[in-house]
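One structure is given here, and the rest of the page talks about it.
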Amino acid sequence: MIAFRTPLLLLLVPPLLVWAWRVVYRWGIPHSKPSGRLARLSSHWLPVLVALCLGLAAAGPEWRTNLRGMAPVVDFAVVLDGSSSMRILDQPDEDRWHAARRLLAQFVLKRPDDRFALILFSAHPVTLSPLTSDHLRLLRMLARLDLDSRDDGTAIGSALMTAVRRLEDSPARSRVILLITDGSQNRGRVTPQEAAEEAHQNGIRIHTVALGHSGESLVPIEGGGFARLHVEVDHDALKQVAQATGGEAFSAEDPGGLARSLAAVDQLEKTLLPVDPPTEGRPLAQWFLLAAAILALPLAADLAFKRGKPRPAWVEGP
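In this note's numbering, the protein residues as written are 1320 to 1637.
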């Protein structure tokens, strides 16, 4: 699709064409009074075409193509628990950490028009990726991500507050925090309720997914074998956080439950509002200028050839 940066300048094109048509280049293209069909056509139309190309170039023509991901329907901040309890095996062949990353990748792939930020937290939150539409880069990051138990803990409130800061200046129609955790707050100075209030004031919804169940679970240890780890999942706090922002709280005791929770979030964040696709413009003015230069070459050559010569008598006539 062709568009113009300064379309008002197109108003200059009609008078420019009228002038070019009336001021015929009569002295040339042939060496005598134009009598042949080609001579008459060239003497009339070459100046007109040159004027048309120059007028269009002045209006700033662009070839505009639709872009994806630059003006998203939804901006997501994914807040992922990275504490040591995420190594718990809810299934014999996959722990919570690997299941969460695998299913998050599928969630991202299902929403190609949205942007995502990624915040990993344990005792402290870390923004691994700001809002981005580069899903390939985000998926590679998820695939390489690993747990670090040196800074263990669960600072849910601080992580949520970090996600609010990532989204508060977003121009998206919908802004959503997706919290995935298997524990309860035991680190950090910000409570989940305080972060939820800040999100609500900024018009940001929080959906929470509680992984696993409270009690003892098996965790693989280095060198082989398993250890028992006691974990408490604070379902009530997560439900309060979601409800305070107009979001939903989900429980997932295994990867299948997490998949169903993410599918529910995917359905909740479908919008029926039309969104005008953003466009990118590639300038075309240089091509119109090039066409004008090529069309003007015969005129310039004829003028150069006749420079200094007396004007023919027929030019003086009517």
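From the three backbone atoms N, C-alpha and C, an ideal C-beta is built for every residue, glycine too.
Handout entry: Reduced DSSP secondary structure (H/G/I, E/B, other) of PRO1511
Key = Here PRO1511 sits in helix by DSSP.
Practice task
For the alpha helix (DSSP H) holding SER1489, just list the boundary residues, first then last.
Solution key: DSSP places SER1489 in no alpha helix (DSSP H); its state is neither H nor E.
Handout entry: Exposure of LEU1609, with buried meaning 16 or more beta-carbon neighbours within 10 Å
Key = Its Cβ having fewer than 16 others within 10 Å, LEU1609 is exposed.
Practice task
Could you give the DSSP three-state label for ALA1474: helix, strand or coil?
Solution key: If DSSP states are grouped into helix, strand and coil, ALA1474 belongs with coil.
Problem - Spatial distance of ALA1390 from ASP1488 (CA atoms) - result: Here the model assigns ALA1390 a pLDDT of 47, short of 50, so the residue's position is not dependable, and the following value carries that caveat. The alpha-carbon of ALA1390 is positioned some 13 Å away from that of ASP1488.
Practice task
Report back the beta-carbon spacing between ALA1515 and ALA1563 to the nearest angstrom; my notes put them in contact at under 8 Å.
Solution key: That pair is a contact at about 4 Å.
Exercise for the section: Check whether the stretch 1456-1468 touches the stretch 1423-1432, taking contact to mean three or more Cβ pairs, one atom from each stretch, closer than 8 Å. Expected result: Contact between the stretch 1456-1468 and the stretch 1423-1432 is present: three or more C-beta pairs spanning the two stretches fall below 8 Å.
Handout entry: Buried versus exposed, by CB contacts within 10 Å (16 or more), PRO1444
Key = The residue in question, PRO1444, is buried, as its Cβ has 16 or more Cβ neighbours within 10 Å.
Practice task
Give me the Cβ distance between ALA1306 and PRO1574, rounded to the nearest whole Å; I'm assuming they're in contact under 8 Å.
Solution key: One cannot answer for residue 1306 here, as it falls past the ends of the chain, which runs 1320 to 1637.
Handout entry: Reduced DSSP secondary structure (H/G/I, E/B, other) of GLU1588
Key = In the structure shown, GLU1588 sits in coil (DSSP, three-state: anything other than H, G, I, E or B).
Exercise for the section: Output yes or no for whether 9 Å exceeds the beta carbon distance between GLY1476 and ASP1553. Expected result: A distance of 9 Å or more separates the beta carbons of GLY1476 and ASP1553.
Practice task
State the start and end residues of the unbroken beta strand (DSSP E) segment that holds HIS1532.
Solution key: Bounds of any beta strand (DSSP E) do not take in HIS1532, whose DSSP letter is neither H nor E.
Problem - Pair within 9 Å by beta-carbon distance, ALA1396 and ARG1506 - result: Between ALA1396 and ARG1506, the C-beta spacing is not below 9 Å.
Problem - Under 9 Å between C-beta atoms of ALA1322 and ALA1370 - result: Taking 9 Å as the Cβ cut-off, ALA1322 and ALA1370 do not qualify as a contacting pair.
Practice task
Kindly list the residues whose CB is nearer than 6 Å to the CB of MET1624, restricted to its own chain and excluding five residues on each side of it in sequence; keep chain order.
Solution key: According to the sequence displayed, residue 1624 carries Phe and not Met. If we look at PHE1624 and ignore the five residues flanking it on each side, it has no Cβ neighbours.
Exercise for the section: Keeping to the same chain, check which residues put their C-beta closer than 7 Å to that of VAL1367; ignore five residues upstream and five downstream. Expected result: Excluding residues within five positions, the ones whose Cβ falls inside 7 Å are LEU1336, ALA1339, TRP1340.
Problem - Min CB distance LEU1581 to chain B below 9 Å - result: Within the model displayed, chain B is absent; a lone protein chain is all it includes.
Exercise for the section: Can you check DSSP and say which residues form a bridge with THR1446? Expected result: Its beta-bridge partners are ILE1438.
Practice task
Kindly identify the DSSP beta-bridge partner or partners of VAL1398.
Solution key: The partner list for VAL1398 (beta bridge, DSSP) reads ILE1438, LEU1498.
Exercise for the section: Output the distance between the C-alpha atoms of GLN1410 and VAL1509, rounded to the nearest integer angstrom. Expected result: Taking the straight line joining both Cα atoms gives about 33 Å.
Exercise for the section: Tell me, please, whether the stretch 1430-1437 touches the stretch 1564-1572 by the rule of three or more beta-carbon pairs shorter than 8 Å. Expected result: In short, these stretches do not touch, since the Cβ pair count stays below three.
Exercise for the section: Taking GLU1413 as the reference, give the member of ALA1482, ALA1442, GLY1531, VAL1332 with the closest Cα. Expected result: Of ALA1482, ALA1442, GLY1531, VAL1332, the residue nearest in Cα terms is GLY1531.
Problem - Neighbourhood of PRO1593 by C-beta distance below 8 Å, restricted to the same chain and skipping five residues each side - result: Reliability of the predicted coordinates at PRO1593 is poor, the pLDDT of 48 falling under 50, and no value is obtained from them.
Practice task
Quick one: residues in its chain with C-beta nearer than 7 Å to the C-beta of ALA1604, no 5 flanking neighbours on either side, listed in chain order?
Solution key: Excluding residues within five positions, the ones whose Cβ falls inside 7 Å are ALA1376, GLY1379, PRO1380.
Practice task
Rounded to whole angstroms, what's the CA-CA distance from LEU1618 to GLY1600? Just pull it up for me.
Solution key: Near 33 Å, if we compare the C-alpha coordinates of GLY1600 and LEU1618.
Problem - Residues bridged to GLY1600 [DSSP beta-bridge criterion] - result: GLY1600 is bridged to ARG1383.
Handout entry: Delimiting residues of the alpha helix (DSSP H) encompassing LEU1457
Key = Secondary structure note for LEU1457: its alpha helix (DSSP H) is the uninterrupted segment 1454-1463.
Exercise for the section: Determine the direct distance from the alpha carbon of LEU1329 to that of ASP1394, and round the result to whole angstroms. Expected result: So the two alpha carbons sit approximately 39 Å from each other.
Exercise for the section: Would you please state the rounded distance, in angstroms, between the beta carbons of LEU1622 and LEU1365? I believe it to be under 8 Å. Expected result: With 8 Å as the limit, LEU1622 and LEU1365 do not qualify as a contact, their Cβ atoms being about 12 Å apart.
Handout entry: Outcome for ARG1485 when other beta-carbon atoms lying within 10 angstroms are tallied against a minimum of 16
Key = The residue is buried, with at least 16 neighbouring Cβ atoms inside 10 Å.
Practice task
Decide if ALA1612 is buried, meaning its Cβ has at least 16 other Cβ atoms within 10 Å, or exposed.
Solution key: With a threshold of 16 other beta carbon atoms within 10 Å, ALA1612 falls short and is exposed.
Problem - Candidates TRP1382, GLY1522, ASP1400, LEU1408: closest to GLY1472 by CA position - result: Nearest C-alpha to GLY1472: ASP1400.
Handout entry: Presumed contact (8 Å Cβ cut-off) between ALA1556 and GLN1504, rounded CB distance
Key = That pair is a contact at about 7 Å.
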